[in-house]
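Residue numbers (the numbering used here), protein chains in the order written: chain G, 1196 to 1615; chain Y, 1196 to 1615. In this text, a Cβ means the ideal position worked out from N, Cα and C, and glycines have one as well. None of these values were measured; they are calculated from a predicted model. Each remark here refers to the structure printed beneath this line.
Written out as structure tokens, the structure reads:
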């Protein structure tokens, strides 16, 4: 079928025509449809069997332009292929931590997948101060499995290059290169920031050392093809409940630096921490939830590091450092030291990439709902100013970071004097 | 035409059947052919018009296996496509510094190109203590043009990713990953070293810090997709005379770290320097040529750095750091400082990758003719022991390197006590 965007009137007919849908729906007569897309790039429909409400799917179709700006940002629909490939890979490597894929139509640039009816977007839950006792475990497993098993630590050289060649994704990579690492720090039409933090924003744009450091992180982002990264792993790309966690929307996926994904998760949790200066007026209630978030950050990194190291020891199949390479007296200790330094380097890069993302969320085109939902501009400015200051420190001090406590310490130090 | 290896009896018929060859040869009746391949991977023929000896071509055809070991290392013939693509790109970016491509037959995995009748392989000339007054100029231009213009400093994000996607080259990359960064430093059937330096070789294989450092350089080699690199730019891949320089054999090309190519050139010149302890018995003659080689190393780096910086300033078209990014008070100074640090990082990586290549040439499967042509094993051992010691220092001290003089200083220090 030649590409055409579906609408609420044509979706059901399309679904009925897909053979695989007979496995999902016990009948087609009582299907209903609703458009739920709030993204910028895609149409998103829920198709539900009204007679059996547990039977439902998400149908996601790429539009040939960036929706937020009309036709002004043309984008290839090929991104839906990248999203589908990444979803399938995540299902393979981290089963139960991504939505299941039911069907894919390359010509129509659409994917049909599991509708996560019992889950909510993490950002919303965090603003509502919800607790997620399994999240650190789940997300650290997702990160370890999706990153380790697509890296040179697990794949052979040729396997990795051939997989990488299926994730060129040059269009969406450019969006992140521009919107995360470039435009926020210079004059750009799309930039958007709170006038109350204008001094801090302008100071970032004029700081020679910080600009050089951001350019260094951008260079790493553009060239370090370590593993298949999600590349947009903020808390809006996570749907969860107390028991279950799913990572969605991997359309930006490509082979990039592992630390970008890890940094995205940790930095988003801290942005949420800061947002509670606006959302949670009661100091005790706020302090308690903020402490929970920082503990979650610490826990995610520790679990990530431990699982990554254990997975590496148990699955050292890749060609970066084969077993035999360490076959000398003291070789196992050297291998352990190499792994320790590998994780230490990752943590420093988490600081660098995560730090840049603090800055872009407060001065670039796309903010986060945690902050934008603070209606009082003065309260929002408190959180934004802290985000800029923490981001600056994570970037500038990244090479001195030796533990996750260093990163958390910078958050605590910057927030120590806040009176609100 | 379905793939079949040509031989001396079938080459002329093949050439006559190629329409483009009428531009090269004024008649086909007096063509002669000779096989001149000494490589491991390919058939190489010279086809010449005996009536007009200036009319000649090289015909290079890929074999479906690594020739040195019979059928035991099967390799895809696709590498001839990579070689041709890289040759065309080099002709485009560095005209006059690569052989001209006349014809290409993908199905037959062969390329027909300029026969460099007036040039010799650089390794041979250096062993014969020849002088190449334009080499530093030529090779620094080749390096700057081939690296800068295929990097994120010149190409847009999408342009670079799409070009990179045409250089997957997973098979030949694996060869370098194994034979440069892995096998020489562990037990491996193919390793080959002079028993007289066995102590030094074994010490490398058992040195925990050095093994970790080599693994770090391998990680960078495998993942840092900075630019289209030649990836085999030793002095056997350079043909030249006093006036003219050509870089040949780019079949290993892929998007990797720029410093790998630069390091290959510099390290091969120093290996040749060391070889003169075997080749040049007269101390004054030797010292004079060695001084010439070290000056050439210094000159290449300085010219590279200067041309790279000037090229960057004049062609800052890429998206890594657009002009506008530096548009603030002091921004031009910050941009200059960023460029300075970029080149400083490159130099440190030259030390790391170049250092590894010193080691692999003395203890791995493939040595270099500069060394193997020293018949006296004791004299060869002098050069090899120095190569190992210099390689170890370049790798281990790379992060402290601040100028090319630091790298040259290590060579001078290690060679200071040599009595031969």
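Would you verify that the beta carbon of residue i is, or is not, closer than 9 Å to some beta carbon of chain G?
| i | result |
| --- | --- |
| residue 1381 of chain Y | yes |
| residue 1507 of chain Y | no |
| residue 1427 of chain Y | no |
| residue 1394 of chain Y | no |
| residue 1212 of chain Y | no |
| residue 1365 of chain Y | yes |
| residue 1356 of chain Y | yes |
| residue 1567 of chain Y | no |
| residue 1345 of chain Y | no |
| residue 1372 of chain Y | yes |
Cβ of residue i less than 9 Å from any chain Y Cβ?
| i | result |
| --- | --- |
| residue 1353 of chain G | yes |
| residue 1533 of chain G | yes |
| residue 1369 of chain G | yes |
| residue 1326 of chain G | no |
| residue 1349 of chain G | no |
| residue 1419 of chain G | yes |
| residue 1360 of chain G | yes |
| residue 1430 of chain G | no |
| residue 1377 of chain G | yes |
For residue i, I'd like the list of residues in its chain whose CB is within less than 8 Å of its CB, leaving aside the five on either flank, ordered along the chain.
| i | result |
| --- | --- |
| residue 1547 of chain Y | 1408, 1411, 1412, 1415, 1454, 1458, 1589, 1590 and 1593 |
| residue 1421 of chain G | 1342, 1346, 1347, 1450, 1451, 1452 and 1453 |
| residue 1613 of chain Y | 1472, 1577 and 1581 |
Which residues in the same chain as residue i place their Cβ atom closer than 7 Å to its Cβ, once the five residues preceding and following it in sequence are excluded?
| i | result |
| --- | --- |
| residue 1271 of chain Y | 1366 |
| residue 1389 of chain G | 1572, 1575, 1576 and 1579 |
| residue 1445 of chain Y | 1278, 1281, 1282, 1285 and 1425 |
| residue 1359 of chain G | 1420 and 1450 |
| residue 1543 of chain Y | 1593, 1594 and 1596 |
| residue 1215 of chain Y | 1297 and 1298 |
For residue i, which residues from the same chain have a beta carbon less than 6 Å from its beta carbon, with the 5 sequence-adjacent residues on both sides left out?
| i | result |
| --- | --- |
| residue 1429 of chain G | 1459 and 1463 |
| residue 1555 of chain Y | 1375 and 1379 |
| residue 1606 of chain Y | 1465 and 1585 |
| residue 1461 of chain G | 1492 and 1549 |
| residue 1480 of chain Y | none |
Extract the residue ranges of the alpha helix (DSSP H) inside the region 1450 to 1482 of chain Y, only unbroken runs of 4 or more that lie entirely within it. As far as the region 1450 to 1482 of chain Y is concerned, its whole alpha helix (DSSP H) runs of at least 4 residues are 1453 to 1474.
Members of the region 1400 to 1414 of chain G near chain Y, C-beta cut-off 7 Å: Those would be 1400, 1401, 1403, 1406, 1407, 1410, 1413 and 1414, in chain order.
Entirely enclosed beta strand (DSSP E) segments - the region 1522 to 1591 of chain G, minimum 3 residues: For the region 1522 to 1591 of chain G, there is no continuous beta strand (DSSP E) assignment of 3+ residues that stays within its boundaries.
Are the region 1552 to 1560 of chain Y and the region 1376 to 1386 of chain Y touching, with three or more C-beta to C-beta distances below 8 Å? With the cut-off at 8 Å, the region 1552 to 1560 of chain Y and the region 1376 to 1386 of chain Y touch.
Would you check if there are 3 or more beta carbon pairs closer than 8 Å linking the region 1423 to 1439 of chain G to the region 1322 to 1341 of chain G? Contact between the region 1423 to 1439 of chain G and the region 1322 to 1341 of chain G is present: 3 or more CB-CB pairs across the two stretches fall below 8 Å.
Check distances from the C-beta atoms of the region 1514 to 1540 of chain Y to those of chain G and list, in chain order, the residues that come in under 9 Å. Per Cβ criterion, the list reads 1514, 1515, 1516, 1517, 1519, 1520, 1521, 1522, 1523, 1524, 1525, 1526, 1528, 1529, 1530, 1532, 1533, 1536, 1537 and 1540.
Check whether the region 1242 to 1249 of chain Y and the region 1219 to 1229 of chain Y touch, using three or more Cβ-Cβ pairs below 8 Å as the test. Short answer: they touch.
Does the region 1504 to 1520 of chain G touch the region 1530 to 1541 of chain G, meaning 3 or more C-beta pairs lie closer than 8 Å? Under the 8 Å Cβ criterion, the region 1530 to 1541 of chain G counts as touching the region 1504 to 1520 of chain G, having at least three qualifying pairs.
Which residue spans inside the region 1196 to 1268 of chain G form an unbroken beta strand (DSSP E) run of at least 3? Those beta strand (DSSP E) runs which fall completely within the region 1196 to 1268 of chain G and span 3+ residues are 1226 to 1230, 1237 to 1244 and 1251 to 1257.
Quick check: the region 1394 to 1404 of chain Y against the region 1310 to 1317 of chain Y, are there 3 or more CB pairs under 8 Å? These segments do not touch.
Length-filtered (4 minimum) alpha helix (DSSP H) runs lying within the region 1299 to 1346 of chain Y: Listed in chain order, the alpha helix (DSSP H) elements of length 4 or more contained wholly in the region 1299 to 1346 of chain Y are 1317 to 1322 and 1330 to 1343.
Report yes or no: do the region 1287 to 1302 of chain Y and the region 1467 to 1476 of chain Y share at least 3 C-beta pairs separated by less than 8 Å? At 8 Å Cβ cutoff, the stretches do not touch.
Any C-beta of chain Y within less than 8 Å: which residues of the region 1237 to 1266 of chain G qualify? When CB distances to chain Y are screened at a threshold of 8 Å, not a single residue of the region 1237 to 1266 of chain G falls below it.
Validate contact between the region 1351 to 1371 of chain G and the region 1353 to 1370 of chain Y using beta carbons, cut 8 Å, 3 pairs: Enough Cβ pairs lie closer than 8 Å, so yes.
Short of 9 Å Cβ to Cβ, which residues in the region 1480 to 1511 of chain Y face chain G? From the region 1480 to 1511 of chain Y, no residue has a Cβ closer than 9 Å to chain G.
Secondary structure, beta strand (DSSP E): runs of 3+ residues fully inside the region 1371 to 1458 of chain G: Runs found: 1422 to 1424, 1433 to 1435, 1440 to 1442 and 1449 to 1451.
At a cut of 8 Å, does the region 1429 to 1439 of chain Y reach the region 1318 to 1336 of chain Y through at least three beta carbon pairs? In this structure the region 1429 to 1439 of chain Y lies against the region 1318 to 1336 of chain Y, because at least three pairs of beta carbons, one per stretch, are closer than 8 Å.
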